[in-house]
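In our numbering, the protein residues as written are 24 to 279.
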Amino acid sequence: MKQKIGNVQSVQRAMTLLKLLAASDEGRRVSDLAKESELAVSTAHRLLTTLEDENFAYFDPERTLWHVGRAAYSVGSAYVQKYNFVTPALPYLRKLRDETRETANLGILDGEQIVTISQVESREIVRAISPTGGRVPAFCSGMGKAILATWCDGQIERFALQAGFHPMTPRSHRNLETLMTEIRHIREVGYAVDDEEHASGLRCVAGVVLSRAGDAVCAISVSALSSRLSGERINEVGVRIKGMAQSLTDTLSGAA
Numbered sequence: 024m025k026q027k028i029g030n031v032q033s034v035q036r037a038m039t040l041l042k043l044l045a046a047s048d049e050g051r052r053v054s055d056l057a058k059e060s061e062l063a064v065s066t067a068h069r070l071l072t073t074l075e076d077e078n079f080a081y082f083d084p085e086r087t088l089w090h091v092g093r094a095a096y097s098v099g100s101a102y103v104q105k106y107n108f109v110t111p112a113l114p115y116l117r118k119l120r121d122e123t124r125e126t127a128n129l130g131i132l133d134g135e136q137i138v139t140i141s142q143v144e145s146r147e148i149v150r151a152i153s154p155t156g157g158r159v160p161a162f163c164s165g166m167g168k169a170i171l172a173t174w175c176d177g178q179i180e181r182f183a184l185q186a187g188f189h190p191m192t193p194r195s196h197r198n199l200e201t202l203m204t205e206i207r208h209i210r211e212v213g214y215a216v217d218d219e220e221h222a223s224g225l226r227c228v229a230g231v232v233l234s235r236a237g238d239a240v241c242a243i244s245v246s247a248l249s250s251r252l253s254g255e256r257i258n259e260v261g262v263r264i265k266g267m268a269q270s271l272t273d274t275l276s277g278a279a
């Protein structure tokens with residue numbers, strides 16, 4: 024783990040551990056956390072106990088696993104609440120979930136990744152879930168591509184040069200040529216598709232939400248198992264997403 028000049032090393036290390044905990048639903052062993060963060064086990068344990076003292080981490084003694092703590096949730100909630108589009112988006116996400124019977128998501132572009140900041144889960148027993156707070160490279164995400172499609176070609180090319188391509192499955196983009204071909208298609212149809220580019224067996228259809236000035240604010244999407252989101256249904260859901268994104272855009276701009 025490299026330290027940037029001027030950073031407080033212990034804080035940086037603690038934040039690394041907190042991010043690893045936040046990315047795990049099942050909890051993590053201190054030995055695994057130490058290995059991934061390139062820390063000694065004793066150092067990782069000392070930092071974790073400090074985080075636990077402040078309720079940012081929680082230790083389950085029965086399973087000897089560490090989890091993210093409730094204080095982290097409070098901080099994350101405050102982050103979400105500062106975006107004035109989260110609360111207005113919830114009725115649209117619920118409507119998408121009810122109409123499609125699949126999980127509806129709200130995401131923003133944070134640096135080079137899409138972050139899911141709100142979600143309404145499908146009621147199906149077997150459902151596709153990329154958890155709230157999860158991060159995905161923009162080029163592997165339907166929401167990411169929907170946002171990027173609003174940019175000019177030069178901006179996308181510079182972004183790609185800076186971010187690079189980080190394929191997550193055999194279907195992920197690996198070069199600018201294939202990406203730009205898809206970007207042109209997204210602009211034509213008005214919605215984007217993650218065709219098993221983030222996770223095999225999972226598809227996502229996304230639309231972009233714009234500000235009054237016409238800039239991309241966020242994106243909404245429907246994610247589902249590929250077996251339930253294929254062929255004609257992709258277009259059907261895409262049209263629905265496009266309309267819902269426009270309705271949310273109108274709401275945020277005061278036009279609705």
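Where a beta carbon is used, it is the ideal one built from N, C-alpha and C, also for glycine.
Please list the segments of the beta strand (DSSP E) lying wholly inside the region 191 to 274, counting only runs of 3 or more residues, in order along the chain. You should have 215 to 218, 225 to 233 and 239 to 248.
My understanding is that Gly50 touches Asp83, with C-beta atoms under 8 Å, so please give their C-beta distance in whole angstroms. By 1-based counting over the sequence shown, the position of residue 50 is 27. By 1-based counting over the sequence shown, the position of residue 83 is 60. Yes, they are in contact, since the Cβ atoms of Gly50 and Asp83 sit about 6 Å apart, within 8 Å.
Using DSSP bridges, identify the partner residues of His90. Translated into positions along the sequence shown, residue 90 becomes position 67. Per DSSP, Tyr81.
Indicate the three-state DSSP secondary structure (helix, strand or coil) for Pro287 in the structure shown. With the chain covering 24 to 279 only, the question about residue 287 has no answer from this structure.
Beta-ladder partner(s) of Val34, from DSSP: As a first step, residue 34 is located in the sequence shown; it is residue number 11 there, counting from the start. Here Val34 is not bridged, per DSSP, to any residue.
Rounded C-alpha distance that separates Ser276 from Arg158: Start at 1 with the first residue of the sequence shown, and residue 276 comes out as number 253. Start at 1 with the first residue of the sequence shown, and residue 158 comes out as number 135. Cα to Cα, Ser276 sits roughly 27 Å from Arg158.
Nearest to Ala229 by CA position, among His90, Asn198, His196 and Ala161, is which residue? Within the sequence shown, numbered from 1, the residue matching residue 229 stands at position 206. Among His90, Asn198, His196 and Ala161, the Cα nearest to that of Ala229 belongs to Ala161.
Looking only at C-alpha atoms, which of Glu219, Ala236, Ile209 and Leu44 sits nearest to Phe79? The residue you call residue 79 lines up with position 56 of the sequence shown. The residue with the shortest Cα to Cα distance from Phe79 is Leu44.
Bridge partners - Gly130, DSSP secondary structure assignment: Looking up residue 130 in the sequence shown gives position 107. Answer is Thr139 and Ala242.
Please identify the residue among Gly187, Ser164 and Ala112 whose C-alpha is closest to the C-alpha of His221. Looking up residue 221 in the sequence shown gives position 198. When each option's Cα is compared against that of His221, the closest is Ser164.
Give the straight-line distance between the Cα atoms of Glu219 and Gly92, rounded to the nearest whole angstrom. Here residue 219 refers to the residue found at position 196 of the sequence shown. Here residue 92 refers to the residue found at position 69 of the sequence shown. Computed Cα separation, rounded: 32 Å.
In terms of alpha-carbon separation, which member of Asp238, Lys118 and Thr192 lies closest to Leu225? For the purposes of this step, residue 225 is identified with residue 202 of the sequence shown, where counting begins at 1. Of the listed residues, the one whose Cα sits closest to Leu225 is Thr192.
Which whole runs of the alpha helix (DSSP H) in the region 159 to 186 are 4 residues long or more, in chain order? Qualifying alpha helix (DSSP H) stretches, in chain order: 165 to 171 and 176 to 186.
Given a threshold of 16 other Cβ atoms within 10 Å of its Cβ, counted over all protein chains shown, does Leu271 qualify as buried or as exposed? Along the sequence shown, one-based indexing puts residue 271 at 248. Under the 10 Å beta carbon count, Leu271 is surrounded by 16 or more other beta carbons and is classified as buried.
Output the distance between the C-alpha atoms of Thr139 and Asn128, rounded to the nearest integer angstrom. Position 116 of the sequence shown, counting from 1, holds the residue named residue 139. Position 105 of the sequence shown, counting from 1, holds the residue named residue 128. Across the structure, Thr139 and Asn128 are spaced so that their CA atoms are roughly 7 Å apart.
In the DSSP assignment, what are the bridge partners of Arg51? Numbered from 1 along the sequence shown, position 28 holds the residue referred to as residue 51. Trp89, per the DSSP bridge assignment.
Given 8 Å, three or more beta-carbon pairs between the region 197 to 207 and the region 239 to 247: When Cβ pairs closer than 8 Å are counted between the two stretches, the region 197 to 207 is seen not to touch the region 239 to 247, the count staying below three.
Can you check which of these residues, Ser246, Lys118 and Leu233, is closest to Ser223 by C-alpha distance? As a first step, residue 223 is located in the sequence shown; it is residue number 200 there, counting from the start. Relative to the Cα of Ser223, the nearest Cα in the group Ser246, Lys118 and Leu233 belongs to Ser246.
Buried or exposed for Asp217, please, with buried defined as at least 16 other CB atoms from any protein chain shown within 10 angstroms of its CB. Translated into the one-based positions of the sequence shown, residue 217 becomes position 194. Here Asp217 is buried: its Cβ has 16 or more other Cβ atoms, across all protein chains shown, within 10 Å.
Whole-Å CB distance - Leu113 paired with Trp89, under 8 Å assumed: Reading the sequence shown from its first residue, position 90 is the one you call residue 113. Reading the sequence shown from its first residue, position 66 is the one you call residue 89. The C-beta distance from Leu113 to Trp89 rounds to 31 Å, too long to fall under 8 Å, and the pair is not in contact.
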